[in-house]
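Just so we're aligned, residue 1 is where the sequence shown starts under the UniProt record's numbering, counting upward by one. Read through the structure below, which is laid out as structure tokens, and then see the notes.
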Amino acid sequence: MAIGGFPSFVEDMKVFERERLNGHYGVSAFVFANTFSSMPLLMLISLIPGATTYYLAGLHNGFEHFFYFASALFACMMLVESLMMIVASIVPNFLMGIIVGSGLQGIMLLCGGFFRLPNDLPDLVWKYPLYHIAFHKYAFQGMFKNEFEGTTFPNDDQLRIGNSKWLSGDSILRDIWQVEMGYSKWVDLVVLLGMIVLYRALFLVIIKITEKRKTITLALLPMAPKQSMQVLVNPKRASRIVTT
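In structure tokens, the structure reads:
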């Protein structure tokens with residue numbers, strides 16, 4: 001959704017630049033207004049389509065589990081929107097912005113711990129630091145904990161793990177999905193919310209730096225020489241005006 005709306009982000013930046021030059025509002029007001037104006041729509045998307053997806057897929061019953069699912073979905077959409085706003089502030093061309101934003105999200109998605117398990121990721125670059133700074137890691141692990149913690153499943157003979165006839169959800173998380181079990185799913189959600197604040201703060205800093213750079217560049221540019229303007233006057237028309 002945020003990638004599809006990237007041209008609107010670029011238009012927002014153009015409108016902000018014009019309004020900023022006119023002195024209507026500052027950078028902080030724009031960032032706060034942009035953040036809080038997008039929250040109601042993202043909340044609706046998290047609740048209505050999220051509820052449809054959640055119950056059609058037959059996920060874990062209970063209000064707490066659905067609330068976590070909707071909250072994590074909202075946090076992820078806010079993070080994607082924040083990331084695309086950062087890209088829009090750096091790359092004003094919407095086509096290049098879509099390419100850069102999609103590439104960044106694709107890289108984080110690949111090393112988030114779903115397509116390749118954490119222990120299978122190469123340590124250099126992919127696991128340290130990309131795996132730990134990608135918000136997909138905390139979204140995946142939070143969703144896994146939300147679904148599997150406190151559950152038990154029959155231990156199939158073909159995929160038997162241990163000698164027990166029953167397999168706990170915690171062992172699935174720890175042994176199969178390689179989820180970090182040292183903290184709860186709510187910590188993952190808090191990390192996602194903290195990354196939203198970090199991304200928005202980074203967006204604010206980038207806009208301020210860009211604005212100051214433009215101001216310094218305009219101040220260092222030499223003043224353009226004044227051009228003399230020559231006006232051609234028709235002598236016959238001028239004499240006619242004087243005689244009348």
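We treat Cβ as the ideally placed atom computed from N, Cα and C, and that holds for glycine.
Express the C-alpha separation of residue j and residue i in angstroms, rounding to a whole number.
i, j, result
"residue 186", "residue 23", "42 Å"
"residue 144", "residue 66", "13 Å"
"residue 104", "residue 165", "43 Å"
"residue 56", "residue 174", "27 Å"
"residue 52", "residue 43", "14 Å"
"residue 35", "residue 26", "14 Å"
"residue 13", "residue 128", "33 Å"
"residue 199", "residue 220", "31 Å"
"residue 106", "residue 216", "36 Å"
"residue 84", "residue 102", "9 Å"
"residue 125", "residue 116", "14 Å"
"residue 100", "residue 211", "22 Å"
"residue 214", "residue 95", "23 Å"
"residue 176", "residue 123", "19 Å"
Pick out whichever of the options has its Cα sitting closest to the Cα of residue i.
i, options, result
"residue 167", "148, 182, 138", "148"
"residue 17", "89, 119, 216, 83", "89"
"residue 156", "31, 115, 150, 172", "172"
"residue 47", "176, 63, 32, 34", "63"
"residue 45", "77, 26, 37, 20", "77"
"residue 61", "125, 151, 199", "151"
"residue 39", "193, 212, 125", "193"
"residue 28", "214, 202, 213", "202"
"residue 133", "191, 100, 146, 91", "191"
"residue 54", "123, 214, 146, 37", "146"
Tell me, please, whether the CB atom of residue i is closer than 9 Å to any CB atom in chain C?
i, result
"residue 179", "Here chain C cannot be found, since the structure has a single protein chain."
Here's the rule: buried if 16 or more other CB atoms are within 10 angstroms of the residue's CB, otherwise exposed. What is residue i?
i, result
"residue 197", "exposed"
"residue 246", "Because the chain spans 1 through 244 in this model, residue 246 falls outside it and cannot be assessed."
"residue 121", "buried"
"residue 15", "exposed"
"residue 184", "exposed"
"residue 82", "buried"
"residue 118", "buried"
"residue 276", "Given that the chain is displayed from residue 1 to residue 244, the structure contains no residue 276 and the question cannot be resolved."
"residue 195", "buried"
"residue 179", "buried"
"residue 93", "exposed"
"residue 242", "Residue confidence is low: residue 242 scores 45 on pLDDT, short of 50, so the model does not pin down where it sits. Its coordinate-derived value is still stated next. Classification for residue 242: exposed."
Is residue i near residue j, with beta carbons less than 9 Å apart?
i, j, result
"residue 108", "residue 136", "yes"
"residue 113", "residue 74", "no"
"residue 204", "residue 71", "no"
"residue 69", "residue 59", "yes"
"residue 86", "residue 206", "yes"
"residue 153", "residue 169", "yes"
"residue 138", "residue 111", "no"
"residue 20", "residue 32", "no"
Whole runs of the alpha helix (DSSP H) within the region 21 to 77, excluding any shorter than 4 residues: For the region 21 to 77, whole alpha helix (DSSP H) runs of length 4 or above, ordered along the chain, are 27 to 56.
Beta strand (DSSP E) runs contained entirely in the region 142 to 223, provided each spans 3 or more residues: Here the runs fully enclosed are 152 to 154, 166 to 168.
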